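K.L.:
Okay, here's the structure, questions in a sec.
Numbering (the numbering used here), first residue to last: 56 to 352.
Take a look at the structure:
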């Protein structure tokens, strides 16, 4: 019998500002461990592992007091005939995006996204998906945790997409059927592959006119405080869930450079191999970035 994944809340103090609000790699490690546990079946279609993971994320958002964007947090979609070979899902398979938000003092919005699903199982082999992308999912949830304790000028949305591994299916569905006013989005930040980072991190879509100002600010903060070994820049590419969003609003994609992590699209991509020694620095950089965006102009 599959044992149930336990949900519990770690209590955190209320701090005065984002820059003094502590991230907690213990909280993130717990989320990565739970999302990459055998009971999630690799978060794919086998045994509906993606739906088990989605229910887990919904419960976490409820616990944090994050409001639902869709009815009961789920935006359902069905898979078309995917071009990925071998097919990861069957045509017509129903999955869901998990969508929540924290209202701010204005309706101008900053969006954080991550894909929560993974490759599932091939035969009896589980692809656990700790680095790809339990790590990014946990980081976005940690941001939701911290921002739920902070009164903000901006509203914040947290979008956990399904179907990324099969061709960005969930994020494309959201872009075609948005639950927010995309014209009000100041910036969307997609986080994927967030373990490791000994060599810093890369920003995709860093050079477009609408996003360059934000990446310049990240670099300025990092140059002053050295939270990351380096920040790399790439032009836009359809390599993660920011792609369809970037057609409608400023959107970037962040992933780490260098190890340690257990593997990529491998059964060895486990929680035990997911290095988080750079996590606190990266998140402090992101929080400082948000605090500067929050300052009135």
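From the three backbone atoms N, C-alpha and C, an ideal C-beta is built for every residue, glycine too.
Given the structure is predicted, the values throughout are model-derived calculations rather than measurements.
#1: In the DSSP assignment, find the alpha helix (DSSP H) that holds residue 195 and state where it starts and stops.
#2: Once you ignore the five residues that flank residue 272 on each side, which residues in its own chain have a CB closer than 7 Å to its CB?
#3: Can you give me the Cβ contacts of residue 337 inside the same chain, cut-off strictly under 7 Å, excluding the 5 residues immediately before and after it?
#4: Give the secondary structure of residue 315 by DSSP, where H, G and I count as helix, E and B as strand, and everything else as coil.
#5: When burial is assigned at 16 or more other CB atoms within 10 Å of the CB, is residue 146 buried or exposed?
#6: To the nearest angstrom, how far is the alpha carbon of residue 96 from that of residue 105?
#7: Are the stretch 162 to 182 and the stretch 204 to 218 touching, with three or more C-beta to C-beta distances below 8 Å?
#8: Would you tell me roughly how many angstroms separate the C-alpha atoms of residue 76 and residue 199, rounded to the nearest one?
#9: Using a 10 Å radius around the Cβ and a threshold of 16 neighbouring Cβ atoms, would you call residue 208 buried or exposed?
#10: Just mark residue 128 as buried or exposed, buried being the case when its beta carbon has 16 or more other beta carbons within 10 Å.
#11: If you draw a straight line from the alpha carbon of residue 181 to that of residue 130, how long is it in whole angstroms?
#12: Just how far apart, CA to CA, sit residue 351 and residue 176?
#13: Compare the Cα-Cα distances from residue 80 to each of 110, 116, 332, 192 and report the closest residue.
#14: Using a Cβ-Cβ cutoff of less than 8 Å, which residues in the same chain neighbour residue 323 once the five nearest sequence positions on both sides are dropped?
#15: Is residue 194 closer than 8 Å to residue 276 when the C-beta atoms are compared?
#16: Check the DSSP bridge columns for residue 164 and list the partner residues they point to.
#17: Please name the residue or residues paired with residue 151 in a DSSP beta bridge.
#18: Rounded to whole angstroms, what is the Cα-Cα separation between residue 295 and residue 308?
#19: Go ahead and pull the three-state DSSP assignment for residue 57.
P.N.:
In short:
#1: The residue given as residue 195 occupies position 140 in the chain shown. Unbroken alpha helix (DSSP H) run through residue 195: 190 to 202.
#2: Translated into the one-based positions of the chain shown, residue 272 becomes position 217. 344, 347, listed in sequence order.
#3: Residue numbering aside, residue 337 sits at position 282 when the chain shown is read from its first letter. For residue 337, where only same-chain residues beyond five positions count, the Cβ hits under 7 Å are 252, 256, 282, 283.
#4: Counting from one through the chain shown, the residue named residue 315 turns up at place 260. Three-state DSSP puts residue 315 in coil, outside helix and strand.
#5: For this step, residue 146 is matched to residue 91 along the chain shown. Burial call: exposed.
#6: The residue labelled residue 96 in the question sits at position 41 within the chain shown. The residue labelled residue 105 in the question sits at position 50 within the chain shown. Each residue's alpha carbon lies about 8 Å from the other.
#7: yes
#8: Stepping through the chain shown from its first residue, residue 76 is reached at position 21. Stepping through the chain shown from its first residue, residue 199 is reached at position 144. With a pLDDT of 47 at residue 76, under the threshold of 50, the modelled position of that residue is not reliable, and no figure is offered here.
#9: Translated into the one-based positions of the chain shown, residue 208 becomes position 153. Classification of residue 208: exposed, given that the 10 Å Cβ count is below 16.
#10: What you label residue 128 is simply residue 73 of the chain shown in a count that begins at 1. Buried is the call here.
#11: On the chain shown, position 126 is the one that residue 181 refers to. On the chain shown, position 75 is the one that residue 130 refers to. The straight-line gap from Cα to Cα measures roughly 26 Å.
#12: What you label residue 351 is simply residue 296 of the chain shown in a count that begins at 1. What you label residue 176 is simply residue 121 of the chain shown in a count that begins at 1. Roughly 49 Å between the two C-alpha positions.
#13: Within the chain shown, numbered from 1, the residue matching residue 80 stands at position 25. Looking at the Cα atoms, 332 is the closest of the given residues.
#14: In the chain shown, counting from the first residue as 1, residue 323 sits at position 268. Taken in chain order, the residues that qualify are 317.
#15: Residue mapping note: residue 276 aligns to position 221 of the chain shown, counting from 1. Residue mapping note: residue 194 aligns to position 139 of the chain shown, counting from 1. Taking 8 Å as the Cβ cut-off, residue 276 and residue 194 do not qualify as a contacting pair.
#16: Translated into positions along the chain shown, residue 164 becomes position 109. Paired residue(s): 210, 240.
#17: The sequence position of residue 151 within the chain shown is 96, counting from 1. DSSP output for residue 151 lists 131 as bridge partner(s).
#18: Start at 1 with the first residue of the chain shown, and residue 295 comes out as number 240. Start at 1 with the first residue of the chain shown, and residue 308 comes out as number 253. Roughly 7 Å between the two C-alpha positions.
#19: Counting from one through the chain shown, the residue named residue 57 turns up at place 2. Any answer about residue 57 is weak, because its pLDDT of 35 lies below 50 and its placement is not dependable; what the coordinates show is given next. Reduced to three states, the DSSP call for residue 57 is coil.
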